[in-house]
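First to last, the sequence lines map onto chains C and D.
One point on numbering: in our numbering, the residue at position 161 of the first sequence is 149, and numbering is uninterrupted.
One point on numbering: in our numbering, the residue at position 109 of the second sequence is 97, and numbering is uninterrupted.
No residue lacks a Cβ here, since even glycine has one placed at the ideal position from N, Cα and C.
Here is the structure we will look at.
Protein chains: 2
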Amino acid sequence: MSYSRPSAVFGLVMILISIACQTPAPTGLSETDKAAIQKVVDEAARIGNAPTKDWGAYVRAYYTEDAVVLPPNGPAVQGWALMEPWFAAFPPMSDFRPQIIEVDGRGDLAYVRGTYSMMLTLPGATEPINDTGKYIEIWRKQADGSWRVIRDIFNSDLPVAAPEPKAEEIK
Amino acid sequence: MSYSRPSAVFGLVMILISIACQTPAPTGLSETDKAAIQKVVDEAARIGNAPTKDWGAYVRAYYTEDAVVLPPNGPAVQGWALMEPWFAAFPPMSDFRPQIIEVDGRGDLAYVRGTYSMMLTLPGATEPINDTGKYIEIWRKQADGSWRVIRDIFNSDLPVAAPEPKAEEIK
């Protein structure tokens, strides 16, 4: 027997290993993962729409402790400790409806693209407007198997309010 | 020899397969993938900053054909055919500087969080302003190994312009 010729058993083992170890093509999220994400969205919306809004509970239900929120017309907000007062300072809001349009991911990392609708009373306004917009979130599966948002960015569909006419333009 | 007792060879094969098939922990992007993404960003910025901006080349260098851009204060824009006129109608822009803050991914899917800076001449304005903002993009590795953006959302850091005083408030 020559050392340069693998034995039949060794060859068989290598063939079996190569069959058993076929790397699966990258696949999307499981239905279980998608359902877990939807459940977190539903729970956050429930908290956000409660008559007395517990933003401490909201940020903990939805985001990881060091998550980053990227709101329009302001700087990034990172972490529960800064998120909670940021949400508390948000203009009065009701009927918040987030809607997942698509969710995809690999392993423990996923993204969600969605739309939102909410009634929003802007500073100085007496009546709420119906704000609609869109968002992308990055989600991360946690050690306990739950999912949380680690990055969140959104913007409004509504056009920027037309500027009031300047005083000198008024005849 | 009993059929209910696996042979030593069979046992050895199963042990070897189980060792060889250890699922690796999910890992981030390779340095090669990160460099490939940065190269696409640099090329797009080069096209976007050219004196004569070729938005057809820009969208093809940066996005997949069915990518979705989610701009502030307007609806989603999907696909090269709609993106190109959307970029062409963008207010005059120069010195566009995208900056990747972080990039992470699994397999053929990645996200980028970044910031941008650009000189932007808004409708009705005579002087450009320095707009800065932030973005999240979802990137997908293509069949040829290159990376392109499939989803893109951004917003400005700048506060919404304070409304001009109303005519009746001017004494």
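Check, Outcome
"Are the C-beta of D:Y51 and some C-beta of chain C separated by less than 8 Å?", "no"
"Looking at C-beta atoms only, is the number of pairs between the stretch 49 to 65 of chain C and the stretch 130 to 141 of chain C that lie closer than 8 Å three or more?", "yes"
"What residue from D:K129, D:V148, D:P147 has the CA that sits closest to D:V28's CA?", "D:K129"
"Kindly list the residues whose CB is nearer than 8 Å to the CB of C:A13, restricted to its own chain and excluding five residues on each side of it in sequence; keep chain order.", "Note that C:A13 scores a pLDDT of 49, beneath 50, so its modelled location is shaky and nothing firm can be said."
"Buried or exposed for D:I25, going by 16 or more other Cβ atoms inside 10 Å?", "buried"
"Between the stretch 77 to 87 of chain D and the stretch 96 to 107 of chain C, do three or more beta carbon pairs fall short of 8 Å?", "no"
"CA-CA distance, D:T120 and D:R34?", "18 Å"
"In angstroms, rounded to a whole number, what distance separates the CA positions of C:P116 and D:E31?", "44 Å"
"Just to confirm the assignment, what range does the alpha helix (DSSP H) spanning C:N37 have?", "19 to 37"
"Can you tell me where the alpha helix (DSSP H) holding C:F84 begins and where it ends?", "Not the alpha helix (DSSP H): C:F84 falls in the beta strand (DSSP E), residues 81 to 94."
"Does the CB of D:K122 have a neighbour CB from chain C at under 8 Å?", "yes"
"Taking the CB atoms as reference points, tell me whether C:D92 and D:L17 lie closer together than 8 Å.", "no"
"Among the candidates D:M71, D:G95, D:G67, whose CA atom is the shortest distance from the CA of D:T15?", "D:G95"
"Can C:A131 be considered in contact with the ligand FAD, in the sense that its beta carbon sits closer than 7 Å to one or more heavy atoms?", "Among the components of this structure there are no ligands whatsoever, and the ligand FAD is therefore not found."
"Are the CB atoms of C:W68 and C:V100 nearer to each other than 8 Å?", "no"
"Cβ atoms of D:V137 and D:A55: under 8 Å apart, would you say?", "yes"
"The stretch 100 to 123 of chain C: which residues have C-beta closer than 8 Å to a C-beta of chain D, in chain order?", "R101, K122, Y123"
"Under 8 Å, do C:I124 and D:I124 count as touching if we go by C-beta distance?", "yes"
"Rounded to the nearest angstrom, what separates D:F84 and D:N37 at their Cα positions?", "6 Å"
"Alpha carbon to alpha carbon, how far is D:A(-4) from C:V65? Give it in angstroms, no decimals.", "60 Å"
"Leaving out five residues on either side along the sequence, give the residues of the same chain with a beta carbon under 8 Å from the beta carbon of D:Y51.", "V57, W68, M71, R136, V137, I138, D140"
"Apply the 10 Å Cβ neighbour rule to D:P63 and answer buried if 16 or more other Cβ atoms are within range, or exposed otherwise.", "exposed"
"Below 8 Å between beta carbons: does that hold for C:A76 and C:W43?", "yes"
"Taking 7 Å as the limit between beta carbons, can you name the residues of its chain near D:P111, skipping five residues before and five after?", "P79"
"For C:K41, collect the residues of the same chain with a Cβ closer than 6 Å to its Cβ; drop the 5 residues on either side in sequence, then sort them by chain order.", "none"
"Output yes if chain D places a C-beta closer than 8 Å to the C-beta of C:Q65; else output no.", "One point to set straight first is that residue 65 of chain C is Val, not Gln, in the sequence displayed. It does not: the Cβ of C:V65 has no partner Cβ on chain D nearer than 8 Å."
"Name the chain C residues whose beta carbon is nearer than 8 Å to that of D:S144?", "P60, N61"
"Using only the alpha-carbon positions, how far apart do C:D21 and C:E53 sit?", "20 Å"
"Can you check whether the C-beta of D:I141 is within less than 8 Å of a C-beta belonging to chain C?", "yes"
"Which same chain residues, not among the five before or five after C:P86, have their C-beta less than 7 Å away from its C-beta?", "V29, A33, G102, Y104"
"Counting only C-beta atoms, is C:I25 closer than 8 Å to chain D at any point?", "no"
"Can you find a C-beta in chain C that's less than 8 Å from the C-beta of D:P147?", "yes"
"Suppose the cutoff is 6 Å on Cβ atoms and the five residues either side in sequence are ignored; what does the same chain contact list for C:D145 look like?", "T120, G121"
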